[in-house]
Amino acid sequence: MNLLPAHIDTSDRPPLECVSVAHDPLGSPVPAVLADRIMVDVIHDGNVIPDKFLRGQYGHPLLGEAKLPKESVRERDWGAELIASSLASSLHLGKYYRVTTARTLLDFGRFPGITPADADHLSRYAINYPFSAGLSYIQKRQLLESYYDRISEGMDAALNGKLLKIAIHTYDKRNPSMFERPSVSILTRPLGHQHLSSRPFPHFDPAFPAKVIEYTADRLLRSRIAQTLEEASIHTADNFPYSLPEGSVEVRAQVWYFFQHARQSYQGSAPPRALSVASGRCPRELVWNMLMDTNLRSAESQALRSYLHMFRNAPAGDEELFLAAREEYERIADFLRREKKVLVDQYRDAQYRPSTILIEVRKDLVWDFENGVPKGPRTDNAQFISRKIAIAIQQYLDNDRLEKSRSSINRTFL
């Protein structure tokens, strides 16, 4: 396996890589027609901190001199890539995706921004402490533009057309309270829904119907994986000890998928697009760009959000464009309300709706530690767990998914 090494790499390698893997002869291959529609990724097992970010704005080192800094040991999902590689091999996908940038520097599983020193697990942003405090403004912009945005572009391309996205993570053996965590946890429920919030997704546009992603994946898939692991005596929990934060890739992807689906439906019923006379730009494109800006990286989209929902003034010179965009937004929002039965009620359980699922495995099961220091992979354990997950996914695709589609034809009570 071509896994990223344990030590810190200070080179400037690409932040997202597609890694080829051989087929596991003892694996559980998915149907050949679906192999290209399934994606396995790992975003928190990177080891790269480019040299240009190791010192802050005043020249002070931001990490210790140790070959394996304590911040890296604490933040890295040890063994996650090992499982991702083995799972892709077992499913005969031929590849998986990995973020090489170390999580202690940049976390693609969060919205762009800076993390305070005392932030808890669910209150973080992309740039982690101590880099959030020590890097200069220019360094932070460079980090987001050259790494976060490049990861985003690559992920968007990889996600397009996928039916199933499986993210592999690992977590510590114990909670801060020293309670021992289960061997595996399957995360499919967004935090907002878990907390029963009246507006579960405040960072996304109010036109997004939260009901769509009460769960980010088919519950049959989640249950099939849990049952298969439990049958192998692997204790598996459901959305424990936390749920998916709003900024997680799995939640952001679901919002993006929904608006992509809505856009395709809307295009066939909407009148031809017209350009703004003053700017020569298309107001409708401006609106869709805003709705699908789930990574919150576009200043123009943020300005349009403020104009629409906070009643702020349009940027100077764009008054006509933003006025036309407001009219387009109202037509699109009205379309989403009018077509709710098809766009929301049917889509949320439809066979064609993509699933995004996050699987957490306890670090100590797939990586050896000595006094808290990572020593090396437990390859046999990782392969055993991965093969069980692959069996579940294969069974879901071969049987559960098709059976659900047949049974839903006569389902009228939900």
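Here the working numbering is used: the first residue of the sequence shown is 63, the next is one more, and so on.
In this text, a Cβ means the ideal position worked out from N, Cα and C, and glycines have one as well.
Check whether residue i and residue j have beta carbons under 8 Å apart
i, j, result
"H231", "E422", "yes"
"S214", "R359", "yes"
"D218", "R367", "no"
"A272", "F263", "yes"
"L205", "L197", "yes"
"H296", "K450", "The sequence shown places Ile at residue 296, not His. Yes. Within cutoff."
"L249", "L306", "yes"
"L125", "T72", "no"
"E165", "G108", "Note that residue 165 is Arg in the sequence shown, not Glu. The answer is yes: Cβ separation under 8 Å."
"K425", "D182", "no"
"S247", "A299", "yes"
"D103", "Y158", "yes"
"Y199", "H323", "no"
"F302", "P345", "no"
"R160", "V110", "no"
"G175", "Y187", "yes"
Helix, strand or coil at residue i according to DSSP, with G and I counted as helix
i, result
"T278", "coil"
"Y209", "helix"
"A229", "strand"
"A294", "coil"
"L249", "strand"
"V435", "strand"
"I419", "strand"
"W140", "coil"
"T163", "strand"
"A395", "helix"
"R243", "coil"
"E79", "strand"
"R424", "strand"
"D430", "strand"
"R400", "helix"
"D218", "helix"
"L476", "Only weak support is given to the placement of L476: the predicted model assigns it a pLDDT of 44, under 50, and the question is left unresolved by the model."
"L283", "helix"
"A188", "coil"
"I176", "strand"
"L130", "coil"
"L153", "coil"
"R203", "helix"
"Y158", "strand"
"D460", "helix"
"D407", "helix"
"A181", "coil"
"R261", "coil"
Residue i versus residue j: straight-line alpha-carbon distance, rounded
i, j, result
"P87", "S148", "12 Å"
"V92", "L459", "7 Å"
"P178", "Q316", "27 Å"
"L464", "T278", "19 Å"
"M101", "L353", "24 Å"
"E390", "V349", "7 Å"
"R286", "A454", "6 Å"
"S448", "F321", "32 Å"
"P416", "P112", "35 Å"
"N375", "S363", "14 Å"
"G118", "F193", "8 Å"
"R400", "D411", "19 Å"
"V135", "P436", "7 Å"
"P377", "L253", "34 Å"
"D407", "V274", "8 Å"
"W429", "L282", "30 Å"
"Y304", "A444", "23 Å"
Exposed unless 16 or more other CB atoms sit within 10 angstroms - verdict on residue i
i, result
"M63", "exposed"
"E242", "exposed"
"P238", "exposed"
"L385", "exposed"
"P67", "exposed"
"P123", "exposed"
"A84", "exposed"
"Y210", "buried"
"N222", "exposed"
"G379", "exposed"
"S151", "buried"
"G121", "exposed"
"R261", "exposed"
"Y319", "buried"
"Q456", "buried"
"R236", "exposed"
"K227", "buried"
"F373", "exposed"
> Curious, which full-length alpha helix (DSSP H) runs of at least 4 residues does the stretch 304-336 contain?
Replying inline: 311-329
> Which runs of the beta strand (DSSP E) spanning at least 3 residues fall entirely within the stretch 86-119, listed in chain order?
Replying inline: 100-104
>> So within the stretch 343-379, which uninterrupted alpha helix (DSSP H) runs reach at least 4 residues, ignoring any that extend past its ends?
In response: 345-353 and 361-371
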